[in-house]
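Scroll down for the structure; my scribbles are underneath it.
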Amino acid sequence: CFILLTVLNKISLIADLQGLEQAGVLSLCVGSEDRTPKKRFSELQNERREQAQRTVLIHCPNKINEKKFLKFLSQHGPINTHFFYESFGLYAVVEFCQKESVTSLQNITRTPSLGPEAAIPFKSRYFNLKLRNSVNQTSELSSIQCSNQSSPSSKKLYQLLCCAESVDDQLNTLLREFQLTEENTRLRYLTCSLIEDVAAAYFPDCAVRPFGSSVNSFGKLGCDLDMFLDLDEIGKFTAQKTSGNFLMEFQVKNVPSERVATQKILSVIGECLDQFGPGCVGVQRILNARCPLVRFSHQASGFQCDLTANNRIALKSSELLYMYGALDSRVRALVFSVRCWARAHSLTSSIPGAWITNFSLTMMVIFFLQRRSPPILPTLDYLKTLADAEDKCIIEGHNCTFVRDLNRIKPSGNTETLELLLKEFFEYFGNFAFNKNSINIRQGREQNKPESSPLHIQNPFETSLNISKNVSQSQLQKFVDLARESAWILHQEGKDRPSPSSNQPWGLAALLLPSVTNNVPLSKKKKKPASERIKNLLDSIKSSGAENSIATNGR
Ligand code: CTP
Ligand code: MG
231 CFILLTVLNK
241 ISLIADLQGL
251 EQAGVLSLCV
261 GSEDRTPKKR
271 FSELQNERRE
281 QAQRTVLIHC
291 PNKINEKKFL
301 KFLSQHGPIN
311 THFFYESFGL
321 YAVVEFCQKE
331 SVTSLQNITR
341 TPSLGPEAAI
351 PFKSRYFNLK
361 LRNSVNQTSE
371 LSSIQCSNQS
381 SPSSKKLYQL
391 LCCAESVDDQ
401 LNTLLREFQL
411 TEENTRLRYL
421 TCSLIEDVAA
431 AYFPDCAVRP
441 FGSSVNSFGK
451 LGCDLDMFLD
461 LDEIGKFTAQ
471 KTSGNFLMEF
481 QVKNVPSERV
491 ATQKILSVIG
501 ECLDQFGPGC
511 VGVQRILNAR
521 CPLVRFSHQA
531 SGFQCDLTAN
541 NRIALKSSEL
551 LYMYGALDSR
561 VRALVFSVRC
571 WARAHSLTSS
581 IPGAWITNFS
591 LTMMVIFFLQ
601 RRSPPILPTL
611 DYLKTLADAE
621 DKCIIEGHNC
631 TFVRDLNRIK
641 PSGNTETLEL
651 LLKEFFEYFG
661 NFAFNKNSIN
671 IRQGREQNKP
681 ESSPLHIQNP
691 FETSLNISKN
701 VSQSQLQKFV
711 DLARESAWIL
721 HQEGKDRPSP
731 SSNQPWGLAA
741 LLLPSVTNNV
751 PLSKKKKKPA
761 SERIKNLLDS
771 IKSSGAENSI
781 ATNGR
């Protein structure tokens, strides 16, 4: 079973690298400090959501005249922006300037008649465009520019990394190639908005909000789309309207607990997506999980979606990660490289199991950057002290308060290079006392582990939870061994780097690409020291000068 999972893991990685998955770019600056005022997370979320509500998704015939297509749609109102992409067919994402245009388009759209089959007449914003007179139109075809949503192939990535000027340049290149594109980001918000339309049939004022790596700025090409059904707006609306001596309440059905309510709501919405949701396939209702969810594939966008409900804390932790990602340009570059490194070595997987998750790895990088001297990132407790009354946020009894205005946080004075940080990251965690210490980004220092899980990373808001409870001792050991090995490789490389023209994998390429590590000459491979020898080497490096107060335990 383990071998099968490992093979699946490898296949999935190759799929990643070959660009079979969808891509995406957020407009955060890479490689240099961006001093322009940064938008608040909530502002960005609201803008994106509103934009998505004015947007439609159209499955187009493969041969289409773009000009005529846009002219046809403009009859319903001006178009703000559009793009095409390919995913088992040609698709267009069209954002109108006004929401009314969408209704106008829906009003002239018919439900297809399918011969012996019957269509469920669900009027969504996902359309199918047919050509009335294909002969006339094909004579006027101009080639359509499709937005490239694929990640680079492993070959291209290898070339890009090998051609880079420095390890820093390699990390920034990897970030540029793997981060979500503007178009992919739009498609993610649009997909949530389309699901919101389905959920709104039951709960008219609901919102379906993306969270996790789609919005926290750490999303890599092809990452899943986490979304949650937010019913809080409904309650708020009612509260605002309340005045005078009377209080109106809806007659409702009661259930034993919040969890049961969530299960019931997700159960019907899952059923609805399955039966009527255009393009929603493989719907699974996983309602007995700690956090009940509906999992499905959205065919047109190619996203694997996880829909939860009542998950505001996760949105808050996405906001926190977004802030950390925006505070210093090195953060995202480092997180992307560590995530890719972990994937390349099958430390992470798209299949749930005893592996480390990307979320845990991100927390580890943040923690490591809090531990630098001077720190590159502030602790969560410090961000809490900067909060004002408006930032106050208590969710289900958990204090989730922190400053939300990025411009109020002073940039770090730390000027360490990405190369040094990557090497030190591997050294730090190659020697971390996982057996007794917990990782805690709230305080930015190790804590005694409150329970015996091999890896303990405190959930920043639900502080009694361990976000890496699933990780087994053997997976943790694999992480530690690979971290030590990678630190050693980078250290050796620093002394004796192959010239870029030699076509030898170097720096990040030497650590990352499975095809590359497989290409290392056998003679070199055999020389690779075993984990314990690497550990000893690292210790000797440290004792010969480098100051390190951390590497004392967990060997
Ligand atoms: N989450 C959490 N505790 C966990 C796992 C997840 O709070 N033990 C929250 C985090 O906010 C996380 C989100 O749920 O960002 C989505 O989880 P997941 O999809 O596993 O992680 P992502 O950060 O989205 O990373 P990936 O790109 O691997 O999907
Ligand atoms: Mg995710």
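Numbering-wise, my numbering comes out as the position in the sequence shown, counting from 1, plus 230.
Just so it is clear, CB atoms sit at the ideal spot from N, CA and C, and this is done for glycine as well.
Proximity test, residue i beta-carbon vs ligand 1 heavy atom, cut-off 8 Å
i, result
"Ile-639", "no"
"Ile-543", "yes"
"Gly-319", "no"
"Asn-670", "no"
"Ile-697", "yes"
"Cys-630", "no"
"Gly-474", "no"
"Lys-360", "no"
"Phe-352", "no"
"Thr-415", "no"
"Thr-592", "yes"
Cβ-Cβ distance between residue i and residue j below 9 Å
i, j, result
"Leu-503", "Val-428", "yes"
"Lys-312", "Val-332", "First, the residue type needs correcting, since residue 312 is His and not Lys in the sequence shown. Taking 9 Å as the Cβ cut-off, His-312 and Val-332 do not qualify as a contacting pair."
"Val-323", "Leu-405", "no"
"Glu-549", "Ser-317", "no"
"Gln-375", "Glu-325", "no"
"Arg-279", "Cys-422", "yes"
"Ile-309", "Leu-320", "no"
"Arg-573", "Leu-648", "no"
"Phe-566", "Phe-448", "yes"
"Glu-676", "Asn-667", "yes"
"Ser-617", "Val-633", "Going by the sequence as given, residue 617 is Ala instead of Ser. Taking 9 Å as the Cβ cut-off, Ala-617 and Val-633 qualify as a contacting pair."
"Arg-562", "Pro-522", "no"
"Ser-590", "Ser-698", "yes"
"Gly-171", "Gln-600", "Within the shown structure, residues of the chain are numbered from 231 to 785, placing residue 171 beyond reach of any answer."
Residue i CB to nearest heavy atom of ligand 2 below 8 Å
i, result
"Asn-700", "no"
"Gly-442", "yes"
"Asp-611", "no"
"Cys-290", "no"
"Cys-422", "no"
"Cys-521", "no"
"Phe-588", "First, the residue type needs correcting, since residue 588 is Asn and not Phe in the sequence shown. Yes - ligand 2 has a heavy atom lying nearer than 8 Å to the Cβ of Asn-588."
"Cys-623", "no"
"Cys-453", "yes"
"Asp-462", "no"
"Asp-635", "no"
"Asp-456", "yes"
Supposed contact pair residue j and residue i - C-beta distance, whole angstroms, cut 8 Å
i, j, result
"Phe-458", "Leu-545", "7 Å"
"Ile-639", "Cys-630", "Their Cβ separation, rounded to whole angstroms, is 17 Å, which puts Ile-639 and Cys-630 out of contact at 8 Å."
"Ile-687", "Asn-696", "6 Å"
"Ala-739", "Tyr-432", "Contact flag wrong, Cβ pair sits at about 51 Å."
"His-575", "Leu-712", "5 Å"
"Leu-390", "Glu-407", "7 Å"
"Ala-556", "Leu-636", "6 Å"
Rounded straight-line distance, which links the Cα of residue j to that of residue i
i, j, result
"Met-593", "Ile-671", "7 Å"
"Ile-499", "Glu-715", "47 Å"
"Arg-569", "Ile-606", "19 Å"
"Pro-759", "Ile-586", "Unreliable placement is indicated for Pro-759, whose pLDDT of 46 sits below 50; no coordinate value is reported for it."
"Gln-481", "Thr-492", "18 Å"
"Pro-684", "Trp-571", "21 Å"
"Asn-749", "Gln-722", "Residue placement at Asn-749 cannot be trusted, given a pLDDT of 40 that sits under 50; what the coordinates show is reported in the next sentence. The straight-line gap from Cα to Cα measures roughly 18 Å."
"Ser-444", "Leu-410", "8 Å"
"Asp-454", "Asn-518", "21 Å"
"Ser-603", "Lys-385", "37 Å"
"Val-397", "Val-524", "41 Å"
"Leu-496", "Phe-526", "12 Å"
"Lys-483", "Lys-494", "11 Å"
"Ile-543", "His-628", "9 Å"
"Thr-538", "Gln-734", "46 Å"
"Pro-346", "Pro-382", "43 Å"
"Glu-412", "Gly-532", "16 Å"
"Leu-613", "Ser-694", "20 Å"
"Asp-435", "Asp-460", "9 Å"
"Gly-474", "Arg-340", "48 Å"
"Asn-414", "Val-701", "31 Å"
"Gly-509", "Leu-274", "27 Å"
"Ser-579", "Asn-446", "20 Å"
Heavy atom of ligand 4 within 8 Å of residue i beta-carbon
i, result
"Asp-536", "For the structure depicted, ligand 4 is absent and the ligand set comprises only ligand 1 and ligand 2."
Stretch-stretch touch, CB-based, cutoff 8 Å, three pairs: the segment 656-670 with the segment 503-519: no
Validate contact between the segment 343-357 and the segment 287-302 using beta carbons, cut 8 Å, 3 pairs: yes
Contact the segment 635-649 vs the segment 701-710: 3+ CB pairs below 8 Å: no
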